[in-house]
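**Student:** In my numbering, each number is its position in the sequence shown, counted from 1, plus 106.
I have a structure here, written as structure tokens, and I will follow up with some questions on it.
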Amino acid sequence: MKIGFAQINPTVGDLRGNCDLIAGAYERLAAAGAELVLTPELAITGYPPQDLVLKSRFVPENLALLAKLHACVGDAALLVGFVDRNDGRGKPFRNAAALLERGKPIRKTYKSLLPTYDVFDEERYFQPAERVEPFLVHGKKIGVTICEDIWTEHYLPRPL
Numbered sequence: 107m108k109i110g111f112a113q114i115n116p117t118v119g120d121l122r123g124n125c126d127l128i129a130g131a132y133e134r135l136a137a138a139g140a141e142l143v144l145t146p147e148l149a150i151t152g153y154p155p156q157d158l159v160l161k162s163r164f165v166p167e168n169l170a171l172l173a174k175l176h177a178c179v180g181d182a183a184l185l186v187g188f189v190d191r192n193d194g195r196g197k198p199f200r201n202a203a204a205l206l207e208r209g210k211p212i213r214k215t216y217k218s219l220l221p222t223y224d225v226f227d228e229e230r231y232f233q234p235a236e237r238v239e240p241f242l243v244h245g246k247k248i249g250v251t252i253c254e255d256i257w258t259e260h261y262l263p264r265p266l
């Protein structure tokens, strides 16, 4: 599988501008033969969105732009970072990644290990994943990790 990395620099809070960056990178990478295009963590909102997630229009607009990106996806799949609502118990939001494929429903995964050190305070806003499931993309099984989920040595000792 050819994987393209959207090496973009999203701006925190510039949802429409970030969506344009994602769409442009997707088009370039798909045209170059990528079968799967990956974006950075929280690419739609920029990272870290902090208290912007508490603004009444912020999360709904980010979800609307996710739907817009989904409508534009061609043969290449797109894995994009965004803020999702948490409809269950716990914190109101989730640090998420969505797998967008043409003609298929949006599939989502959530960040498990939320940093709360230095300038990071993700546990204030986000509910961690309870479990993580792989995705099947173009006949290949892929696992998705978001930032700290992959580079902390405590991930495996703290299985979900």
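Just so it is clear, CB atoms sit at the ideal spot from N, CA and C, and this is done for glycine as well.
Would you say the beta carbon of A173 is closer than 7 angstroms to some non-hydrogen atom of the ligand PLP?
**Tutor:** In terms of ligand content, the structure shown is empty, and the ligand PLP therefore cannot be addressed.
**Student:** In chain order, what residues of the same chain have a beta carbon less than 6 angstroms from the beta carbon of T151, not counting five sequence neighbours either side?
**Tutor:** If we look at T151 and ignore the five residues flanking it on each side, its Cβ neighbours are N168, V189.
**Student:** Kindly list the residues whose CB is nearer than 8 angstroms to the CB of A138, restricted to its own chain and excluding five residues on each side of it in sequence; keep chain order.
**Tutor:** Result list for A138: G110, in chain order.
**Student:** Residue range of the alpha helix (DSSP H) that G123 falls in?
**Tutor:** Unbroken alpha helix (DSSP H) run through G123: 121 to 137.
**Student:** Return the bridge partner residues of D190 from the DSSP annotation.
**Tutor:** Bridge partners of D190: R200.
**Student:** Of the choices L185, A136, T222, R200, whose alpha-carbon is the least far from that of L144?
**Tutor:** When only C-alpha atoms are compared, the closest one is L185.
**Student:** Count the C-beta pairs between the region 190 to 210 and the region 227 to 238 that are closer than 8 angstroms, then say yes if the count reaches three, no if not.
**Tutor:** Touching, per the Cβ criterion.
**Student:** How is L266 classed by DSSP in three states: helix, strand or coil?
**Tutor:** Note that L266 has pLDDT 45, beneath the 50 cutoff, so the model's placement of it is unreliable and the number below is only indicative. Note: L266 maps to coil in three-state DSSP.
**Student:** Which runs of the alpha helix (DSSP H) fall wholly inside the region 132 to 187 and span at least 4 residues, in chain order?
**Tutor:** List check, alpha helix (DSSP H) in window: 164 to 178.
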